[in-house]
Every structure is written in C-alpha cells, then in structure tokens.
RNA sequence: GCCCGCGUGGUGUAGGGGUUAUCAUGAGGGGUUGUCGAUCCCUCGACCCGGGUUCAAAUCCCGGCGCGGGCGCCA
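Residue numbers (this note's numbering): 159 to 626.
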C-alpha cells in the first residue's frame, strides 16, 4: 500500500511507520516521535518502551547515561497507554532470538532516546487491556470504545470500513455517479412501514429520516442522472439483533434510464472493485485481524473476490427452494431468517433475490402488469442482495408513472396527498430509474468476519445504548 | 413484545449451601536483563441490589436492575 504523505508536525518529525520504512536511511539521524506507551520493560539501568501511534509501532531504548536519571526513572514508572514524546537517534534493532529453524525476521529499527517528555499520563488500571489477550465483553468494549479502538484488530476494522467507502466511491465516480446529501430532518413519514424518531423542528413536529429514498429520486428527476449518498438513517424499531441498529449509515445510489437489472450490475461491479482493491492493497489490515483471531483460536478470514455475475435467485425460485427443504411457506410470504438459512446453504456468498411480490414492496417500486407469478401474483422489480443469510441491500426499479404511483399509495392504504412533495416531482416528466441502498456496517461485517454489527460501527446506537 | 440463559477482583473466568473463593490478565513493590506486549519473587483486589428459606447463602427461592443469545418487528 502506498504510504500516506505524512508531513512532520509540531510534535514529531516522523511517524512510527516511517521509522520502520525509512529506517535504513535514517540510521544515526535524530528524530522526534510520539505515541502511546503500549508496554514498558526494565527497572534498572535500561528501559524499553513499545511505542504505538496510528501508523505503527517502534521500540524506544533508554539507557542510563544516554538520558538523565530523572527522565529514565519517569519513563520506567510510566503507566501503560500514557502518551509520550521521545527524541533520539535511529538505530537498527538487535534481532530477536528465534527458535532453531525459524526464519529470521526482516530488520526493524528503534530509537535510542536522548530525551523524553510525558505528554499525558494514563490512569490505572485500564478498564480494558489494549495489548492483552484477555477476552473483553462487547459491552465493556463499547463503554470504553476509545480504548477498544486502540487494539490493533479493532483499529483494522475501522480502517477497512474506510477503505470500503473509499473504493466504493471510487467505483461509482468512475461510472459517472455524483455524491449528494439529502436532508435528515423531514416533515412527514417519508415512506411508511417503519417507526420514525419524532423531533421538534422549532414550533413544528418533524422526524429523523429513515432513508434518503425519496430525495435521491427527486435528484434524478432533477436531471442529476446518477447520484449516490453515504449518510445516516434512523429507525425507531425496538429490534435487538446482531444486525440491526437504530442509527446506521446507508450507502445509496439512484440512476436514470435504468431498471433493476442495470443497478444490480452497478452493485456487483462495485463490490467486486472493493473486494479486489482490498485484496491487492490492504492485506496488512486483514493480517492484523487474523493475528488477533489466531490468538483467540478463531478461524482466519480471507478476502474472497466474488466472481461476476452474482447468482440471481428469483423470489419465486427461492420459495420453491425453501419448500423443497420441507418448510411450510407459500408464495407471498416473507422470507424469514430461518428460510434465508436454506438459501444460504445453496448460495453462501453474495446473491441477489429479484422479483419480489409487489404486495411486499413499497409503493415506489415499479411493476409491470404482464409480469406475474405462476399463481398469478403481481411481481415487482424490487430485489435484495444477501450475503449468506444476511440482507445487505434492498433496491429496485422505481415507479415513474404518476398515476401508477398514486394508485400504489392507495393500494397500500397511504394518502397520496401526504406525498405530494414527492409525487409533484413526477408530474413534469420523469425518467425510468432504479437504485439501491446498502448497509455499510453489514458489508463491513462480511469483509471483517464480524458477527455483530456493533463491531463495525464506531459508536453504535441501539435500543439500550445512546452513549458514548 | 416473546423464549432461553447469565451477573464473582479493573478485565475475563472457575466454583454452585459450611472453602483461606480458582486461574489468567492487571495494579503496587523488588530482583535480573539489549530486552521482545521478557522473566523471577512478594503484595493488592471480587460474589449486582433488595427480600425470603436455612444453624449456615456467592450457591436455593421471589422481586428488581443490568447483560447476552435466539426470534419477532423492520426501505
């Protein structure tokens, strides 16, 4: 991976990663570095500090005579995770003793300190061990997320989350999409179907947005052609599962002159680009996760680049598949979690489930009267993207015919007048269009092998947790 | 909202009517050391809250609070 261009700051001349990567040229040169003291060893005439910053780690060596006695003692008594600044010269580290037959590791560099400054002393004991292998419960971790994040594998998860967004953006921009932002304060229940968080907007009642859906469509109706948005969505549902949160980040696209199949193509190409870019550029982050998993006796993760196209399992076929497995289900029923398990046995990776019954899809999803199931039920152009049993995406072609939109609302017991701000957008010419919304945290779960969506959200908001 | 389970040092655990309450990690002190989140010695620190049963409760019962898992609900 190309190293970021980190200029020197007022506190340091080099990052710790730079000490390692430029070590050979830096030997005997004076540098100033900063970091968290991960481990401090030595009580006598010498002292070693394993220093860690956001880029890597570096050992600092202090020796009586090289620094004044007071400094040496203060560093020897430093508590773990305190921050400190060291000035000294770069030297090649003594190679560690390795067991016979083991490969000799590549050379590492260290800083032999001539002066040290404690920046902030950490209190003891720590509420959770940053460098310890002792298991920590998720709740304790989330209560102390600032410390939890210092753990290497946790840090790697959020680095990877950033990479997913970076490569996703990169891909969409390549396909001609523009990034937009839609309002999160809305006047009315935008879509129905889910509970919204009410709020006060000056003297009026308002709500937090559950989805950018209607607004991204209005952007396409406005001629922006292809748009995407990465932003928060809020749902006031009292769900309590490993995959639901009340605030989450939704990665949405919407594009003109396209149907459901067209945007499934965008989706699978984007995921392919994300996965292959990470496999090519960021395997160090995957390694960080795997070294933790090894220590915990967990199976290692692997970035398996999916092949294109992703399988399409039409809703009707999915129902037959579930029936064949002996489950009691009829066309028109929802596919529940234990049903999704059956589909996942056949398709463990990414797969689309297109052509849901129109009755199960929201009013803005497109349907063609000529497309019906064998039993005569109306099919829609709505689809899901699943990975194994978990839903990643919901999307579809949108209804662009004003009269049909109004009828759909009536069919679903909604009042078209409540959606006039939306329907008005269609009255003056509307392109056929389609789009989807992807759960960023859920996709990050898949990539990082996390079993709980809270692992992949910095400060998750669920039914119980609103802090920190 | 439903079902099941669990609350023991800072963290993670063992124990499951009478124990000096286990182990790891940690914290404090010390020894040794150009070491490898080293190592050795000493020390410290805990049974969620309230009520009940019992000679005796961390352990059994009831209630509360907190948490976990599964499900439902959910563009």
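Beta carbons: idealized from backbone N, C-alpha and C, even for Gly. This one's a predicted model, so the numbers in the text were calculated from it and none came from an experiment.
- Residue state for residue 195 is assigned as strand, using DSSP reduced to three classes.
- Shortest Cα-Cα distance from residue 327 to any of 295, 614 and 388 involves 388.
- The three-state secondary structure of residue 511, taken from DSSP, is strand.
- Contact between the segment 440-455 and the segment 478-491 is absent, with fewer than three C-beta pairs closer than 8 Å.
- Comparing C-alpha distances from residue 618 to each of 248, 511, 182 and 391 shows the shortest one belongs to 391.
- In the structure shown, the three-state DSSP call for residue 574 is helix.
- With a 10 Å radius around the Cβ and a threshold of 16 neighbouring Cβ atoms, residue 418 comes out buried.
- By the beta-carbon neighbour count (other beta carbons within 10 angstroms, threshold 16), residue 292 is exposed.
- Here residue 433 is buried. Its C-beta has 16 or more other C-beta atoms within 10 Å.
- Taking every protein chain shown into account, the CB of residue 626 has fewer than 16 other CB atoms within 10 angstroms, so this residue is exposed.
- In this structure, residue 217 keeps its C-beta atom at 8 Å or more from the C-beta atom of residue 288.
- Taking C-beta atoms as the reference points, residue 241 and residue 273 fail to come closer than 8 Å.
- Boundaries of the alpha helix (DSSP H) around residue 181: 181-184.
- The DSSP-derived three-state label of residue 579 is helix.
- The closest CA to that of residue 405, considering only 429, 393 and 398, is found on 393.
- Short of 6 Å from the beta carbon of residue 236, and not among the five residues preceding or following it, lie these beta carbons of its own chain, in chain order: 195 and 198.
- For residue 405, the secondary structure class from DSSP, reduced to helix, strand or coil, is strand.
- The Cβ neighbour count for residue 563, taken over all protein chains shown within 10 Å, is at least 16; the residue is labelled buried.
- Its chain contains 248 as the residues whose beta carbon lies nearer than 6 Å to that of residue 184, once the 5 sequence neighbours on both sides are disregarded; these appear in chain order.
- The segment 291-311 makes contact with the segment 602-619: 3 or more CB pairs, one atom from each, lie closer than 8 Å.
- Taking C-beta atoms as the reference points, residue 269 and residue 191 count as a pair closer than 8 Å.
- With fewer than 16 other CB atoms across the displayed protein chains lying within 10 angstroms of its CB, residue 331 is exposed.
- Contact between residue 467 and residue 426 is confirmed by a C-beta separation of about 6 Å, below the 8 Å threshold.
- Residue 243 has 192 and 275 as its beta-bridge partners, per DSSP.
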